[in-house]
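Data block below; observations after.
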Amino acid sequence: MSDLAVTEIVSAVARRLHQRSFTREAARRLQHAVLQRLDEGVYHRVELTRDVHRRAEHFLLALEGTSLRAADALHLALATSGRAASLATFDTRLAAAARARGLAVYPA
38 MSDLAVTEIV SAVARRLHQR SFTREAARRL QHAVLQRLDE GVYHRVELTR DVHRRAEHFL
98 LALEGTSLRA ADALHLALAT SGRAASLATF DTRLAAAARA RGLAVYPA
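So the sequence shown is residues 38 to 145, counted in the numbering used here.
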């Protein structure tokens, strides 16, 4: 997991907060729980480095049949750089690109 993924999670929670599906306190608790698990090593931290950016750019140019956005290419590059076996996403384009790279995708 990267800090980019944490920011994406908080963004999704913020959307729910603005839709009044989440309380501000629940949103803060969720953010804190994710960060705490990341700091405790429950999740493997992968840093967004120059090499990860170059890998993402490679995916943007090389993966046929997918039209990834920059952030999605970065997520895929982070997963493959961290030697992840799977990727969690609700984005169909990112899921297709992850499967093309041999990653299991959740939810299936």
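Positions of the beta carbon are idealized from the N, C-alpha and C atoms, including for glycine. Every value quoted in this text rests on a predicted model; they were computed, and no experiment measured them.
* Nearest residue (CA-CA) to T103, options A51, Q73 and R136 -> R136
* To do: Please go through the same chain and pick out, in chain order, the residues whose beta-carbon is closer than 8 Å to the beta-carbon of L124, but skip the five residues on each side of it.
  => H112, L113, A116, L131, A132, A135, L140, A141, V142 and Y143
* Endpoints, the alpha helix (DSSP H) within which V43 is located -> Per DSSP, V43 belongs to the alpha helix (DSSP H) from D40 to H55.
* **Identity of the residue in A93, A64 and T129 nearest A49 by Cα** => A64
* From A93, L54, H95 and R138, residue whose alpha carbon lies closest to that of A121 -> R138
* In the DSSP assignment, find the unbroken beta strand (DSSP E) run with A125 in it and report its ends. => Residues S123 to A125.
* Segment contact flag, the region 52 to 64 with the region 85 to 94, C-beta cutoff 8 Å, min 3 pairs -> The answer is no - the region 85 to 94 does not touch the region 52 to 64, with fewer than three Cβ pairs under 8 Å.
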